[in-house]
Amino acid sequence: MGRAHRWGAVLRYTFRRQGGCGLGIPHDVLRGDGASGRQEAVRRSQRSLPCRGRTFPEVREGRGGAYNQGRGDIGGAEDLGRRTSFGQVRGGGEALSEAERIGRFLIRKVNRLIYRYGLIEDGDRIAVAVSGGKDSLALVSLLRLRQRTAPERYEILAIHVHMDFQEGPLDRRKVVEAWCRREGVDLRIEEVPLEGKVDCFRCTWNRRKVLFTTADRLGFRKVALGHHSDDLLHTALLNLFVHGRLGTMPPKREMFGGRITLIRPLALLSKAELARFAHASGAEDGAFCPYESPYRAWVRKLWDEVERVHPQARDNLLRLLEEIRWGDDENHPEGEP
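Heads up: take any position in the sequence shown, counting from 1, add 332, and you land on the working numbering.
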């Protein structure tokens, strides 16, 4: 038996055990012997690869332009490794960085939330609130990394609302500018002068007002915030203790009659997961709030003790909040990320 004939026999045996066409190769090709049959099988197998029940669309040469903007350059079969998440290498055998490896893992959890609530759809223009803190910087990086493999095509604009106080170890504006430049994301900086007495509520209200107004003026109908699961749980406890009701910030909320949709893609990720990703990415935390509520610092310590005693508390409370549809928390005390 010749080498080409043996190759065809092995393919027939293997793929019939998998139901016939494990790589999308039809039986008429599997029955073919010789070099031509082998070349046809390889050629057709490169058109689509199954991945957890989904098949990537056929890869065509010259599929550039707007399609590839922000999604990586996918020009042929050699680049398919960049579009798959079942390996630790890119196309061409290049090893993933620690930040990209962690990011791909986190994106799986982010995708579950996105598809469950319809947070991101094809053609969306998303304004990302970026304060300079690790959470908002991580949100920019994860949404950017997700663009490489996501079936939806969406546009990202980072918006930094710069307050007139500069009381922190780092200059927020410089941190945000450097990060967005590194990620290749457009940045818009809005100045907000504050006069008179300033507290947490007034600061947050002014930030949100400028954020929503800017997004609406520029035609961005979705606004993404970097709240994670710890933020949601802390807010739920604050509402329970202070207001006597159970509710928190939902992953998605339509505002102003549906004109703006507020989304929180990181709502299933923990603070520890985001901190690990931010550290691997080299993010410097430029967030500093001199007006943080003392109640929030107290409930943060309380929650740490709860998790230490009962590690399942996080999953249980998040499940409860989802069952009650996140409650009715229109005026939550959580500040902008």
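Cβ coordinates follow ideal geometry from the N, Cα and C atoms, glycine included.
Being a predicted model, the structure only gives us computed values, none of them experimental.
Measure the CB-CB distance between Ile-592 and Val-555 and report whether it falls below 7 Å.
-> yes
Kindly say whether Ala-490, judged by its beta-carbon, lies nearer than 7 Å to any beta-carbon of chain D.
-> Any reference to chain D falls outside this structure, which holds one protein chain only.
Leu-653 in three-state terms, based on DSSP | helix
Can His-675 and Glu-523 be called in contact, C-beta distance under 7 Å?
-> There is simply no residue 675 to check, as the chain begins at 333 and stops at 669 in what is shown.
Compute the distance between the beta-carbons of Cys-535 and Ser-625, then report whether it is under 7 Å.
-> no
For His-559, count neighbouring C-beta atoms within 10 Å of its own C-beta (all shown protein chains included) and say buried if the count is 16 or more, exposed if not.
-> buried
Pick from Leu-564, Val-517, Phe-437: whose alpha carbon is nearest that of Leu-469?
-> Closest in C-alpha terms to Leu-469, from the list Leu-564, Val-517, Phe-437, comes Val-517.
At which residue ranges does the segment 436-506 contain complete beta strand (DSSP E) runs of 3 or more residues, listed in the order of the chain?
-> Runs of the beta strand (DSSP E) inside the segment 436-506: 457-461, 487-495.
Using alpha carbons as the reference points, say which of Ala-431, Leu-652, Leu-474, Pro-483 lies closest to Leu-578.
-> Leu-652
Leu-519 - partner residues in DSSP beta bridges | Ala-490
Mind checking which residues open and close the beta strand (DSSP E) that includes Thr-536?
-> Premise fails: Thr-536 lies in the alpha helix (DSSP H), 532-549, not in any beta strand (DSSP E).
To the nearest angstrom, how far is it from the Cα of Lys-603 to the Cα of Gly-590?
-> 30 Å
Locate the beta strand (DSSP E) running through Arg-585, then write down its first and last residues.
-> Annotation: the continuous beta strand (DSSP E) that includes Arg-585 extends over 584-587.
DSSP on Thr-593, reduced to helix/strand/coil?
-> For Thr-593, the secondary structure class from DSSP, reduced to helix, strand or coil, is strand.
Considering Leu-633, what are the terminal residues of the alpha helix (DSSP H) in which it resides?
-> One point to set straight first is that residue 633 is Lys, not Leu, in the sequence displayed. Per DSSP, Lys-633 belongs to the alpha helix (DSSP H) from 626-641.
For Lys-529, three-class secondary structure by DSSP | coil
Euclidean distance between Cα positions of Asp-454 and Gln-479 | Taking the straight line joining both Cα atoms gives about 11 Å.
Bridge-paired residues (DSSP) for Val-508 | According to DSSP, which records beta bridges pairwise, Val-508 is partnered with nothing at all.
What are the partner residues of Pro-554, as DSSP defines its beta bridges?
-> Correcting the residue identity first, residue 554 is Lys in this sequence and not Pro. Paired residue(s): Ile-458, Thr-593.
DSSP beta-bridge partners for Val-524?
-> Met-495
Give the straight-line distance between the Cα atoms of Val-641 and Asn-648, rounded to the nearest whole angstrom.
-> 14 Å
Report buried or exposed for Met-581, applying the criterion of at least 16 other Cβ atoms within 10 angstroms of its Cβ.
-> buried
So, helix, strand or coil for Arg-577, using DSSP?
-> coil
What span of residues does the alpha helix (DSSP H) with Glu-605 cover, start to end?
-> 603-613
Which of helix, strand or coil does DSSP assign to Ala-645?
-> helix
In the DSSP assignment, find the unbroken alpha helix (DSSP H) run with Ala-568 in it and report its ends.
-> 561-570
Exposure of Gly-464, with buried meaning 16 or more beta-carbon neighbours within 10 Å | buried
From Arg-448, Trp-635, Glu-586, Ala-431, residue whose alpha carbon lies closest to that of Phe-573 | Trp-635
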